[in-house]
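Input: a single structure, listed below in structure tokens.
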Amino acid sequence: MHLLRPEFHDRRAFLRRSSQLALTGAALPVALNLAAMGEAAAFTATDYKALVCVFLYGGSDYANSVVTYDSPSYDLYSAVRGGGAGQTAGGIALGRSDLTATLLTPTAALASGRQYALHPAMTGLAGLFSSGKAAVQLNVGPLVVPLTKTQYNNPDRKTYPLPPKLFSHNDQQSVWQSSSPEGSTVGWGGNMGDLAMSGNSNSLFTCISATGNSVYLVGDTALQYQVSTTGAVPINGVKSAVNGSAAVKTALTTLIQQTRTQVLENEYNKITQRSIAAETQITGALAGVALATAFPANNSLGDQLKIVARLIAARGALGSKRQVFFVSLGGFDLHDNLIAQQPGLLGNVSSAMTAFYNATVEMGLADKVTSFTTSDFGRTLSSNGDGSDHGWGGHHFVVGGAVKGKAFYGTPAPVSNLDTSSPDDQWHVGQGRLLPSTSVDQYAATLAKWFGVSATEMAGVLPNINHFGTAGGRADYPSDLGFLA
Amino acid sequence: MPDTDLLEREHLPSASPDLAPAPALPPREGGESAAGALTPLVSLGVLGASLLAACGDGSGEASGAAAQRPGANPGAATTKANEVPAAAVYRFAKISNGAYFYTGNQAEKDLVLRDFPDFRYEGVAFYQSPAQTGVPVYRFANLANGGYFYTASAAERDGVIRDRPDLRFEGSTFAAAQPDARGAAPIYRLANLTNGAYLYTASAPERDAAAATTLWRSEGIAFYTTTPSSIGATPQSDIEAARFLLQAQFSASDAEISAVRAKGYSAWLDEQFNAPTGVKAWDWLQGRGYGAIDTRNYYNAEYPTDFFAWQQLMAAPDALRKRLALALSEFFVVSIEGVSSLWRSQSMAAYWDILATNAGGSFRKLLDDITLCVAMGVYLNTRGNQKEDARGRQPDENYAREVMQLFTIGLYQLNNDGTEKRDASGSRIETYNQSDVSNLARVFTGYDNDFSTDTQTANPFDDGRQIYSTNFTRLPMRFIAGRHSTLEAKFLGTTVAPGTPGATALKSALDTLFNHANVGPFFGRQMIQRLVTSNPSPAYVGRVASVFNDNGAGVRGDLKALFTAILLDDEARGPQGLTSPGFGKVREPMIRLVQWARSFGLTSVSGSWKITDMSSPSARLAQSPLRSPSVFNYFRPGYVPPATALALAGAAAPEFQIVSETTVSGYLNFIQDVTRRGIAVKNPLVPYQVNAGADVFDMQASYVNELAIAPDAGALVQRLNLLLCAGQMSTQNQSLIVDALTVSPITATSSDSAKLDRIASAVLLVMASAEYLVQK
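Here's what the structure looks like:
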């Protein structure tokens, strides 16, 4: 039975939710006391740890983010992407000489002389790599089971199942976040929150998004709390008189928090209840935070990571022990203008994540906070003129003091967009769409293990993980990729 | 029959020992398997229409009839008769063990709510039928688990009385519908194999979700229910007219309410579909000077898009058409955030005009127009898309993918009612694969801007660049044969032969998509979601899809017929949605602002309509017209708000995707400000964007009709309830607002400022209330 199926995930969630709702009932406690309904198993840690998921919406172009650099590989890349003569820039290929400043030099060199450099705008992350605080996970993407290209092309989908709706933005975002396509209601960040929330004084502050709603942060019981980049937003009409009337203030405060029998009305008001209750606490806790680390200006990811850092700094006042955060940056769907747009986008990712790492150092928490990137999918290696198309596997970054950095994890894929039986053409499924050699489940399980999820709890967080590692009889696809200490 | 039939104090108190937390037991003691223990029920349990038809001796006390009498229906006592015509059957879940209880008696419901904390209220389960014409449903209390068993079969009732001493017979309760009654819909029964409890549900998805667990066994149809139809051709009240208007357009004025009542729904719609369109967005931009090539850089400016969009939504005379265009803009999404090309705002205006022009026209024509319009060409990369080349360049697949996934057929094959088809193994069936995408992409190669009618002007910054004039933005992209793929293209069963001329290939491709059986249900369902309700019944979707397939005159894709079918459907017009706990949708934030503006006489004194991007989640609306963050719209049609009662029921609520702790606060703060002070802009007298300077309240609500009645808080709130909520605010909350307003007395001689304080407070309170925010 292959578990990467929405039916299964839904059923698991249904059972959990059913039992929990039956335990707690309609008279749900004030949202902030949700810890009471957490699952029995929970982390007992007394230290602090946080995971920060950085989602790059639109599908980040792997080939120009972690750029193949050794001369033979670079030439293949340049040929496919329309590079100029003498390894110069051209088409959607970067020039090789522009990559020397961001060349990555791992402690242990890659086999066959393979080398990679980061996009020239990613100087911050290149620096963190050099100092051992960042690692690159190569060619990771959704898989149900380990697959070869031959198996990918085999029509027997019962034996060789594929992730649902490959190459579709919304579905692959959901698969990365929740192991199921769009419509899924539970993500692995939230499932970690389910386990962690009872250790936090305010369970609502276990899973926090500094961007829009994402399924990633929703657990069976853990809720996703949303905060703006300036903190929690107070409702003026609840704080002070409205149009000069205290009575209107009182009426407003009542109306917007009423319990309703109409389901949509009730759920709307529940969010408002949470907003009001949480705002008081967040605002109070943030008032005591002084963080000196500079974050880049005009960088929405930086703004988000800054409020995440401030919330971490307020962990004492908020009673937080284990937290999962979600931040995002959009604009990566570069069918056009790839060369023009990537410096800004990737530069923002690099500078924001670097500043965030520096903030964790300032707080003395560098080895307690790990951030990592995710995206809808990688893109094609082939050009469609001025950009690249939807793909599958991609390269991602893991940053933090606990990261065993200055290293690549996973396997470098051959640079190819050709469809022959040559071994060099076996790790893409057309136009250089990478066939992942590491699954999202492995990537997530490595992070989850560091966060405190036990081996027995892992399948509850990542329902598909037992198709990998020793449990799945595939030691070549380990459930711990080793990039965290 | 006394009103207290089910309320005699011995009833629930006597049941209360059963209601105490009890170990989950199979329904009968002894060593039998759970399935065996259920045999007496199960053997009769797979009820079909024939068995139901055979029952209904009607001799039991039809206690549910109490709820049919006007005096016994609390809803009827406090609201107008036309608002609550159907008596509900309410559902409770026993928290300690998951058993269920159903009652059609309002007083019994209230009693359980008050005195039985172990029972969680879960809302209206379905509707009862009048006792005179319905089928009595008999009730048994399970003495072991505190749950209840219901049957409409006299034979099953007698069998249970005879064989099941653990089930206490409690007589008849609410009435079910005759199976052959018009609109009869099944209520499914499921047995809990662990503790012998029973679940009754009208929802096939809930049934399937439960049955998919090992906990519940599906036992077929227990009985039938109907929702009474009261739809006439003409609204019977101002409230009914307002409800219709708020679904069909943005707002309801006194004159429009009168017009709909006088003409009837259908004639009013006909008239509106034929109403003259106001100034088109593209012409408005040019008229305001945004086509000038000068140092204001209009050719690179995004903000004129916001200005024309708000002007069109708030001030255009043909509100129905603009409302439908807005709904279409959330399906055929193009966002200014992804159109960073020359004359981007003119390009967006031309796209908007296409939507508005075709809103009552043909889907096929609309598909043609949006495919070739410059804004879409830029947004999804058809503009400049080229054929494959020897170096490995491939046609861009963006439009090919999204025109299938989002604009026509969707991911999975659908039945006409919008439910997904399943193959023999129960899996969903994909509509297309990557090969279809790559092949279809070839058809969309060879297109680019048509500058043939434009002139060039030197860039005012004198960087040597020549700037084209604006007309190309409203022309279809031109076709360049040399850039068009001449390879064969095979997709969705259609083959475009190698070397087929571009226009022929395009027609073939769009015809193939347009004629796919998915389009009616896929598109129709989402338009229902935008205008009426987040979770339309499959039957509703099916009716609308059928009209899409054939408007009655053999025409496919008639949008006027489709929108008329959506708005006049029983499910939209009937009263059942007003009491059904899951009906309706969250009003989109941008529509709330437009409704406020149109309801209270907002104008732009300067005529410049300089309302900017309202997307800020923390300080504005978290939504702004033509500013979707991606081609996937502000929210997805299948979005299920996690960790909610909706998620448990598998119900979608797309708009909830932009409802969060941040956005609820941002919205409230913003409307508190604008309802009293109006919308502030900087220097409304110049067309270009100004970021510094004093706030000028160029756009304020006049509240002219409200000022006249401001001294009478009750009249004021009643009016707001009609205009903003179509009468959907409860009397309790109206009173709450009136009481708050009355604390600051207002008389006819009070200052306008004091009156405006009261009016703005009243508007804020209504627009903050959940009864307003959820449109039913």
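Line order of the protein sequences matches chains V and G.
Counting in the numbering used here, the final residue of the first sequence is number 485, and the numbers go up one at a time with none missing.
Counting in the numbering used here, the final residue of the second sequence is number 1261, and the numbers go up one at a time with none missing.
Glycine included, every Cβ here is placed at the ideal spot set by N, Cα and C.
- DSSP places residue 64/V within a helical segment (H, G or I) once states are collapsed to three.
- With its beta carbon at least 8 Å from every one in chain G, residue 65/V lies outside the interface.
- With its beta carbon at least 8 Å from every one in chain V, residue 1062/G lies outside the interface.
- The Cβ-Cβ distance between residue 416/V and residue 92/V does not fall below 8 Å.
- Taking residue 1045/G as reference, the option from 662/G, 808/G and 1137/G with the minimal CA-CA separation is 808/G.
- A residue is called buried once 16 or more other Cβ atoms fall within 10 Å of its Cβ, and residue 1042/G is buried on that count.
- Taking C-beta atoms as the reference points, residue 790/G and residue 821/G count as a pair closer than 8 Å.
- Here residue 348/V is buried, its C-beta having at least 16 other C-beta atoms within 10 Å.
- Spanning the alpha carbons of residue 1162/G and residue 1182/G requires a straight line of approximately 7 Å.
- Residue 260/V belongs to the set of residues whose beta carbon lies under 8 Å from a beta carbon in chain G.
- Relative to the Cα of residue 1157/G, the nearest Cα in the group 119/V, 236/V, 100/V and 163/V belongs to 236/V.
- Annotation note: the region 376-430 of chain V contains the following uninterrupted beta strand (DSSP E) runs of length 3 or greater, listed N- to C-terminal: 394-399 and 407-409.
- Under the Cβ criterion of 8 Å, residue 1242/G is counted among the residues facing chain V.
- Taking the CA atoms as reference points, residue 1165/G sits about 42 Å from residue 963/G.
- By the neighbour-count definition (other C-beta atoms within 10 Å, threshold 16), residue 690/G is an exposed residue.
- Between residue 431/V and residue 148/V, the C-beta spacing is not below 8 Å.
- Beta-bridge pairing by DSSP links residue 721/G to no other residue.
- At a cut-off of 8 Å between C-beta atoms, residue 1253/G counts as an interface residue with respect to chain V.
- Under the DSSP assignment, residue 674/G falls in the beta strand (DSSP E) whose first and last residues are 670-677.
- Following the DSSP letters along the chain, one finds residue 312/V inside the alpha helix (DSSP H) bounded by residues 300-313.
- Excluding the 5 residues flanking it on each side, residue 1082/G has same chain C-beta neighbours closer than 6 Å at 799, in chain order.
- Note on residue 164/V: 16 or more other CB atoms within 10 angstroms of its CB, so buried under the neighbour-count rule.
- A residue is called buried once 16 or more other Cβ atoms fall within 10 Å of its Cβ, and residue 158/V, having fewer, is exposed.
- 8 Å or more divides the Cβ of residue 62/V from the Cβ of residue 390/V.
- At a cut-off of 8 Å, the C-beta of residue 877/G has a neighbouring C-beta in chain V.
- For residue 777/G, there is no enclosing beta strand (DSSP E), as DSSP marks it with neither H nor E.
- Residues 1210, 1213, 1214, 1215 and 1218 of the same chain have their beta carbon placed closer than 8 Å to that of residue 1256/G, with the five preceding and five following residues left out of the count.
- At a cut-off of 8 Å, the C-beta of residue 216/V has no neighbouring C-beta in chain G.
- Below the 7 Å Cβ cutoff, chain V contributes 183 and 185 as neighbours of residue 1125/G, in chain order.
- Within 9 Å of the CB of residue 149/V, no CB atom of chain G is found; the nearest one sits about 14 Å away.
- Runs of the alpha helix (DSSP H) spanning 4 or more residues and lying entirely within the region 43-130 of chain V occur at 62-65, 71-81 and 123-130, in chain order.
- Note on residue 1170/G: under 16 other CB atoms within 10 angstroms of its CB, so exposed under the neighbour-count rule.
- If you draw a straight line from the Cα of residue 588/G to the Cα of residue 613/G, it is about 10 Å long.
- Within chain V, not a single residue places a beta-carbon under 8 Å from that of residue 817/G; the smallest gap is close to 16 Å.
- When the alpha-carbon of residue 1235/G is set against those of 1194/G, 1221/G, 1006/G and 865/G, the nearest one is in 1194/G.
- According to the DSSP assignment, residue 1184/G belongs to the beta strand (DSSP E) that extends over 1180-1185.
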